[in-house]
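Below you'll find the structure, written out as structure tokens, and then a few comments.
In full-length UniProt numbering, the protein residues as written are 1 to 148.
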């Protein structure tokens, strides 16, 4: 038994079409909101989901705010500028490309000589005094300061 459906799509009425038959697309612009949340689908009316990546060209600033450029909406914008902000150790600059100012902890090794003069601090770079003192190959947790 054929079920007769009355379908209304963009002011067009389709009478006498079975429910399982695909209704022709109208030819207008789709206009559904894209996943970016800012732009609408520019494609002709279509079945199924809209394009995954928004290709509308927009002006974007890089993370550090140094440059602006026109890029597709889906594309992240970064520049080549290296961050000169000092890291938490106070000895090394961040040097991360296009840093937003939220610099990660220092990844360098401290490597400063301990007061015993026989060992270097094996901890990641840090401010102030060190908590490790060398005793042969074993390290004990005692308050020790670096040589200047």
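Built from N, CA and C at the ideal position, the CB exists for glycine as well.
Cβ-based burial, residue i [other Cβ within 10 Å; buried from 16]
i           : result
residue 47  : exposed
residue 125 : buried
residue 121 : buried
residue 26  : exposed
residue 19  : exposed
residue 44  : exposed
residue 116 : exposed
Where residue i falls: helix, strand or coil (DSSP)
i           : result
residue 77  : coil
residue 20  : coil
residue 114 : strand
residue 44  : strand
Residues bridged to residue i [DSSP beta-bridge criterion]
i           : result
residue 58  : 71
residue 124 : 109
residue 93  : 86
Supposed close pair residue i, residue j - CB separation, criterion 8 Å
i          : j          : result
residue 82 : residue 97 : 6 Å
Min CB distance residue i to chain B below 7 Å
i          : result
residue 60 : Checking the listed chains, one finds no chain B in this structure; it contains a single protein chain.
| task | Take every Cβ of the region 86-95, pair it with every Cβ of the region 63-73, and state whether three or more of those distances are shorter than 8 Å. | result | no
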